[in-house]
Amino acid sequence: MPRQYWLYAAFSSLTMFGYATFGLLSFHLVATGLLPPAAVPVLYAAAMGVDAVAALASGWLFDRVGLKVLLVLPVLAAAVPWLGFSNNTALAVTGVLVWGAAMGVQESTMRAGVAGLAPVERRGSAYGMFTACYGLAWLAGSFLIGVLYEYSRPAVAVTVTAVQAAAMVIFAVVRPHAVRPGLQSSGNEPS
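So this is what it looks like as structure tokens:
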């Protein structure tokens, strides 16, 4: 795989390493008494509605500006713990909705970026390796965020923000302006 592919996988993995899970967000809402347990599925449904709208919007933007649309993802992911783990119901609910928006971007557009970075003949392997890196990073990050949550919620927010800032630095090296939607790596594409 080309160097840009691995840098993109590193960016995506770091972004997911610093991404809180809905399980921990909903635990916080119930454990702190901000929401009754029966309201959690309703909030999840609302977050999935935001997810769908964000996926459509980021997909539309990806078709026009390419990978640059992903600059919003680390910003959204960094905002989630600052909002979602607060002791204010409105802020915490907003954090979950921001989480939904980030899910929409990462579930659709982040994966779409792989197509422009991998050789056509290796695209299946590229998606498999990308998803493995991304999934393992999310697993490890979820563990770390859970441990930090028990220690200090501000520590979670600071750690996630630092991880997302590192992801942004790697993203700048990927040169998102150089990867256009629909660009194939076979050498036979129009410019």
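In this text, residue positions in the sequence shown follow my numbering: the first is 172, and each later residue adds one.
Built from N, CA and C at the ideal position, the CB exists for glycine as well.
Since the structure is predicted, the reported quantities are computational estimates derived from the model, not experimental observations.
Legend entry - Endpoints, alpha helix (DSSP H) assigned at T330: Indexing the sequence shown from 1 puts residue 330 at position 159. Per DSSP, T330 belongs to the alpha helix (DSSP H) from 324-345.
Legend entry - Buried versus exposed call for W231 [16 or more other C-beta atoms within 10 Å across all chains shown]: Numbered from its first residue, the sequence shown carries residue 231 at position 60. It counts as exposed.
Legend entry - Reduced DSSP secondary structure (H/G/I, E/B, other) of G204: Reading the sequence shown from its first residue, position 33 is the one you call residue 204. Of the three classes helix, strand and coil, the one that applies to G204 here is coil, per DSSP.
Legend entry - C-alpha distance - Y133 paired with A286, whole-angstrom precision: No statement about residue 133 is possible, as the shown extent of the chain runs from 172 to 362 and does not include it.
Legend entry - Among A202, F193, G204, the one whose alpha carbon lies nearest that of M219: Reading the sequence shown from its first residue, position 48 is the one you call residue 219. Closest by alpha carbon: F193.
Legend entry - L385 versus L315, M281, T332, N258, residue with shortest Cα-Cα distance: Because residue 385 is not part of the residues shown, which for the chain are 172 to 362, the question remains open.
Legend entry - Residue span of the alpha helix (DSSP H) that contains G255, given as start and end: On the sequence shown, residue 255 is found 84 positions in, with the first residue counted as 1. It spans 243-255 - the alpha helix (DSSP H) in which G255 sits, taken as one unbroken run.
Legend entry - Buried or exposed by the 16-neighbour rule on C-beta atoms within 10 Å, applied to S183: Taking the sequence shown and counting its residues from 1, one reaches residue 183 at position 12. Burial call: buried.
Inset, instruction - State the DSSP-derived secondary structure class of G189, mapped to helix, strand or coil. - result: Position 18 of the sequence shown, counting from 1, holds the residue named residue 189. Three-state result, G189: coil.
Inset, instruction - Using only the heavy atoms of the ligand SAM, determine whether one of them is closer than 7 angstroms to the beta carbon of G317. - result: Looking for the ligand SAM in the displayed structure turns up nothing, as the structure carries no ligands at all.
Legend entry - Three-way DSSP call (helix, strand, coil) for P212 in this model: In the sequence shown, counting from the first residue as 1, residue 212 sits at position 41. Helix at P212.
Inset, instruction - Examine the Cβ distances between the stretch 325-337 and the stretch 242-255 and report whether three or more of them are shorter than 8 angstroms. - result: yes
Legend entry - C-alpha gap between P212 and F256, whole angstroms: On the sequence shown, residue 212 is found 41 positions in, with the first residue counted as 1. On the sequence shown, residue 256 is found 85 positions in, with the first residue counted as 1. Each residue's Cα considered, the two are about 18 angstroms apart.
Inset, instruction - Please say whether G189 and Q335 have beta carbons closer to each other than 8 angstroms? - result: The residue given as residue 335 occupies position 164 in the sequence shown. The residue given as residue 189 occupies position 18 in the sequence shown. Yes, these two residues count as a Cβ contact at 8 angstroms.
Inset, instruction - Report the three-state DSSP secondary structure of M274 (helix, strand or coil). - result: Here residue 274 refers to the residue found at position 103 when the sequence shown is read from its first residue. Reduced to three states, the DSSP call for M274 is helix.
Inset, instruction - Tell me whether G275 is buried or exposed, calling it buried when 16 or more other Cβ atoms sit within 10 Å of its Cβ. - result: Sequence index remark: in the sequence shown, residue 275 carries index 104 (1-based). The residue in question, G275, is buried, as its Cβ has 16 or more Cβ neighbours within 10 Å.
Legend entry - Close Cβ partners of L392 (< 7 angstroms) along its chain, the five nearest in sequence each way excluded: Summary: the structure shown does not reach residue 392, with the chain confined to residues 172 through 362, and so no result is reported for it.
Legend entry - Close Cβ partners of L195 (< 8 angstroms) along its chain, the five nearest in sequence each way excluded: Taking the first residue of the sequence shown as 1, we reach residue 195 at position 24. Excluding sequence neighbours, L195 sits near S313, I316, G317, Y320.
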